[in-house]
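What follows is a single structure, written as structure tokens, with notes after it.
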Amino acid sequence: MKCLRLYLTRNFGELKQAYNKLVTEGKITQDKCQERVLSFLQPLYTELHKSPQKTITKTVERTVEAKVGWFSKGNEVREKVTTTEIWRPIKGTYLYGPPGCGKTFIMDMFYDTVSIQQKRRVHFNQFMLEVHEYIHKLNTNEPKKGDPVPRVGVNISKDTRLLCFDEFQVTDIADAMILKRLFGSLWSQGVVVLATSNRPPDDLYYNGLQRFLFLPFIDDLKHQCEIVDIESVTDYRQVGEEVQTFIYPLNHEAESKAYKIFTRITGKEKGKTHTISVMQGRQLTCRFTADKCGMFSFSELCDQPLGAADYIALASYFTHVIITGVPNFSIHKRDIMRRFILLIDELYNKKVKLICTADSSIEQLYSGESGAYDEIFAFQRTVSRLMEMQTYEYQETPHQA
Ligand SMILES: Nc1ncnc2c1ncn2[C@@H]1O[C@H](COP(=O)(O)OP(=O)(O)OP(=O)(O)O)[C@@H](O)[C@H]1O
1 MKCLRLYLTR NFGELKQAYN KLVTEGKITQ DKCQERVLSF LQPLYTELHK
51 SPQKTITKTV ERTVEAKVGW FSKGNEVREK VTTTEIWRPI KGTYLYGPPG
101 CGKTFIMDMF YDTVSIQQKR RVHFNQFMLE VHEYIHKLNT NEPKKGDPVP
151 RVGVNISKDT RLLCFDEFQV TDIADAMILK RLFGSLWSQG VVVLATSNRP
201 PDDLYYNGLQ RFLFLPFIDD LKHQCEIVDI ESVTDYRQVG EEVQTFIYPL
251 NHEAESKAYK IFTRITGKEK GKTHTISVMQ GRQLTCRFTA DKCGMFSFSE
301 LCDQPLGAAD YIALASYFTH VIITGVPNFS IHKRDIMRRF ILLIDELYNK
351 KVKLICTADS SIEQLYSGES GAYDEIFAFQ RTVSRLMEMQ TYEYQETPHQ
401 A
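Written as structure tokens, this is what we have:
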């Protein structure tokens with residue numbers, strides 16, 4: 001418990017100094033919108049270094065018991081007072097804006113600069129997979145203890161003071177239905193949330209099923225976090241120099257190029273089957289692989305019932321992925337498109353080197369349709385990422401298994 005009590009005070013402006021250093025060293029371009037976000041984050045940074053880190057809370061549980069006996073009158077009220085230590089509550093930050101403008105970069109800088117030990121930075125999809133696995137475990141091991149979701153929150157809070165989420169997005173009804181209870185529990189324990197997202201809170205789970213049940217979570221989010229719009233239009237992913245890893249249109253030449261690239265990467269003409277483990281004992285069979293390079297048809301990856309867990313396993317194992325036959329997208333095949341968006345997110349997060357053969361150029365893969373609000377937004381991020389994945393800079397970034 002002692003290590004939780006930090007008696008540090010940090011210099012105001014430390015975050016800005018870290019940013020200025022990167023500018024001076026020529027590693028990044030000075031950006032007014034990012035500097036404005038830093039000024040919003042500075043109070044959170046300062047608060048996180050103040051002591052005490054923990055505070056005592058009192059919970060009073062009242063039960064009413066009927067009096068039994070000849071002379072009993074009415075009911076008896078009993079009170080049980082429990083005192084617990086929680087993190088001192090601090091308002092978090094929800095940072096949103098368009099793809100590629102540096103939200104993750106700012107959050108990572110914040111995360112690296114904060115010197116508390118009880119911090120965790122995680123991709124939102126990965127976090128929710130872990131939460132569902134945890135719920136499953138509690139339901140199996142402690143079936144009589146009631147709703148497992150708040151207990152998951154309390155357990156997470158034991159060693160987490162600051163939770164940084166990259167890419168907060170809600171597309172799954174299973175996630176949408178537990179977020180209020182999960183985050184309610186985290187916030188009641190004083191956990192601070194810092195999240196990045198492409199969408200303002202009011203647009204989360206925009207066309208989702210039973211959205212009315214999700215809306216109370218949005219109110220809580222706005223109450224618990226400062227909502228910050230980065231207000232930037234710069235997409236830094238478009239700036240880099242490109243290498244051609246997106247081959248189009250689909251024809252015999254494109255296909256033979258894909259095989260040549262496989263041979264160049266692996267030194268082998270033919271691939272063999274390899275099975276990788278996914279969560280909860282599931283396995284994913286990859287038909288054409290050599291070393292850490294896997295070649296897949298688009299339909300093998302996106303026209304099958306695969307999800308985030310499969311794509312995370314894939315992106316963790318392979319350093320290079322070749323996808324053949326990426327089609328032009330349409331809202332009429334929404335599931336296929338959503339899986340592709342998810343797949344690219346995970347490959348990008350782990351810095352997997354991606355080679356695709358496709359119907360058309362990255363910019364022309366999806367032209368948007370009326371009523372496809374969610375998809376148009378989400379696909380903008382995919383386009384931005386596919387662009388960056390073609391740059392020399394990305395190609396030289398090590399795989400993050
Ligand atoms: N000021 C800057 N100067 C140069 N490069 C930058 C700057 N800010 C961010 N970048 C780079 O731009 C790329 C995109 O940044 P980042 O991933 O943070 O964007 P994002 O807003 O989180 O995008 P998305 O919404 O798609 O997740 C990264 O490679 C990052 O290092």
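According to UniProt numbering, the sequence shown is numbered sequentially starting from 1. No residue lacks a Cβ here, since even glycine has one placed at the ideal position from N, Cα and C. Here the structure is a predicted model, which is why all the values come from computation and not from measurement.
Subject >> Candidates S51, V23, S330 and D166, of which the one nearest Q371 by Cα >> reply: The residue labelled residue 371 in the question sits at position 371 within the sequence shown. Residue identity differs from the one stated: residue 371 is Gly in this sequence, not Gln. Among S51, V23, S330 and D166, the Cα nearest to that of G371 is on S330.
Original post:
Between which two residues does the alpha helix (DSSP H) containing E396 stretch?
Top reply: What you label residue 396 is simply residue 396 of the sequence shown in a count that begins at 1. E396 -> alpha helix (DSSP H) spans Y392 to E396.
Original post:
Does M279 have its Cβ less than 7 angstroms from a Cβ in chain C?
Top reply: This model lacks chain C altogether, as it is built from one protein chain only.
**OP:** Would you mind reading off the limits of the beta strand (DSSP E) that contains G325?
**Re:** Here residue 325 refers to the residue found at position 325 of the sequence shown. H320 to V326 is the span of the beta strand (DSSP E), which, as asked, contains G325.
Original post:
Does the Cβ of I28 lie closer than 6 angstroms to at least one heavy atom of ligand 1?
Top reply: By 1-based counting over the sequence shown, the position of residue 28 is 28. Yes.
Subject >> C-alpha distance - I156 paired with D219, whole-angstrom precision >> reply: Here residue 156 corresponds to residue number 156 of the sequence shown, with the count starting at 1. Here residue 219 corresponds to residue number 219 of the sequence shown, with the count starting at 1. Here the C-alpha atom of I156 lies approximately 22 angstroms from the C-alpha atom of D219.
Original post:
Is it true that the region 316-327 meets the region 350-359, where meeting means three or more beta-carbon pairs spaced less than 8 angstroms apart?
Top reply: They touch, by the three-pair rule.
Subject >> Euclidean distance between Cα positions of D108 and N198 >> reply: Start at 1 with the first residue of the sequence shown, and residue 108 comes out as number 108. Start at 1 with the first residue of the sequence shown, and residue 198 comes out as number 198. Each residue's Cα considered, the two are about 16 angstroms apart.
**OP:** Apply the 10 Å Cβ neighbour rule to H320 and answer buried if 16 or more other Cβ atoms are within range, or exposed otherwise.
**Re:** Residue 320 sits at position 320 when you count from the first residue of the sequence shown. Around the beta carbon of H320, a 10 Å sphere encloses 16 or more other beta carbons of the protein chains shown; the residue is thus reported as buried.
**OP:** Have a look at R385 and N251 and give me their C-alpha separation to the nearest angstrom.
**Re:** One-based indexing of the sequence shown puts residue 385 at position 385. One-based indexing of the sequence shown puts residue 251 at position 251. Straight across, the Cα-Cα distance linking R385 with N251 is about 24 angstroms.
Subject >> Status (buried if at least 16 other CB within 10 Å, exposed otherwise) for D310 >> reply: Here residue 310 refers to the residue found at position 310 when the sequence shown is read from its first residue. With 16 or more other Cβ atoms within 10 Å, it is buried.
Original post:
The beta strand (DSSP E) with A195 in it runs from where to where?
Top reply: To locate residue 195, count along the sequence shown from 1; it is residue 195. Note, A195: beta strand (DSSP E), V192 to S197.
Subject >> Spatial neighbours of Q380 in its chain, beta-carbon cut-off 6 angstroms, leaving aside the 5 residues before and after >> reply: The residue you call residue 380 lines up with position 380 of the sequence shown. Result list for Q380: P99, in chain order.
Original post:
T140 lies in the alpha helix (DSSP H); which residues open and close that run?
Top reply: Along the sequence shown, one-based indexing puts residue 140 at 140. Per DSSP, the continuous alpha helix (DSSP H) segment holding T140 begins and ends at F124 to N141.
Original post:
N251: beta carbon under 6 angstroms from a heavy atom of ligand 1?
Top reply: If you number the sequence shown from 1, residue 251 lands on position 251. No, the beta carbon of N251 sits no closer than 6 angstroms to any heavy atom of ligand 1.
Subject >> C-beta contact flag for F110 and V228 at 7 angstroms >> reply: Reading the sequence shown from its first residue, position 110 is the one you call residue 110. Reading the sequence shown from its first residue, position 228 is the one you call residue 228. It is not a contact, given that the beta carbons lie outside the stated cut-off.
**OP:** Could you tell me the distance, in whole angstroms, from the CA atom of T82 to the CA atom of E61?
**Re:** Position 82 of the sequence shown, counted from the start, is the residue given in the question as residue 82. Position 61 of the sequence shown, counted from the start, is the residue given in the question as residue 61. For T82 and E61, the distance between alpha carbons rounds to 8 angstroms.
Original post:
Which whole-angstrom value describes the C-beta separation of S277 and A313, a residue pair presumed to lie in contact below a C-beta threshold of 8 angstroms?
Top reply: The residue you call residue 277 lines up with position 277 of the sequence shown. The residue you call residue 313 lines up with position 313 of the sequence shown. With a Cβ gap of about 7 angstroms, S277 and A313 count as contacting.
Original post:
Nearest-angstrom Cα distance between Q395 and K351?
Top reply: Here residue 395 refers to the residue found at position 395 of the sequence shown. Here residue 351 refers to the residue found at position 351 of the sequence shown. Q395 and K351: Cα-Cα distance of roughly 8 angstroms.
Original post:
For C3, does the count of other Cβ atoms within 10 angstroms reach 16, so buried, or fall short, so exposed?
Top reply: Counting from one through the sequence shown, the residue named residue 3 turns up at place 3. Note on C3: pLDDT 32, under 50, position unreliable in the model; no value is reported.
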